[in-house]
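> One structure follows; several queries about it will come next.
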Amino acid sequence: KSYALWPADLAESWDAVGTVCGDPDAEVSRVLFAVDPVQEIAEEAVALGAQLLVTHHPLYLRGTTTVAASTFKGRVVHDLIKHDVALHVAHTNADRADPGVSDALAGALDLRVVRPLVPDPADRQGRRG
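Taking the numbering used here, the leading residue of the sequence shown gets 70, the next gets one more, and so forth.
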């Protein structure tokens, strides 16, 4: 489960993390990771035969009043559900996890000295932002 890697309680209060659509208990053998849950990524997940799409940025941040397929976000949800692809979001909880997104980026850039640019006394781990 993703919460072992990216606990939901690490997410900022304004964030929308977790399962957006799909069965969280379904068996998964293929996962697609992406930054944004846009239509092209949903189509790629379907084409690859993924059962799970994990994105960093949320599809919805504020209250949702429609998931009509005639809307951009509604089309993404409809296409994923139609093809049995679940959508899971790990945003600020993945940023703040240890190791997390920032650690992966630092590793990809081969950074050797990693510390907060502006330390936050309220965040002793230096994982926020």
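Every residue, glycine too, gets a C-beta built ideally from N, C-alpha and C.
1) Along the chain, where does the alpha helix (DSSP H) that runs through L174 open and close?
2) I think A114 touches L101, with their Cβ atoms under 8 Å apart; what is that distance to the nearest whole Å?
3) Where does G132 sit, in a helix, a strand or coil, going by DSSP?
4) Here's the rule: buried if 16 or more other CB atoms are within 10 angstroms of the residue's CB, otherwise exposed. What is P146?
5) Under DSSP, the beta strand (DSSP E) around G87 begins and ends at which residues?
This is what the structure gives:
1) 170-177
2) 5 Å
3) coil
4) The identity of residue 146 in the sequence shown is Val, whereas the question assumes Pro. Label assigned to V146: buried.
5) 87-90
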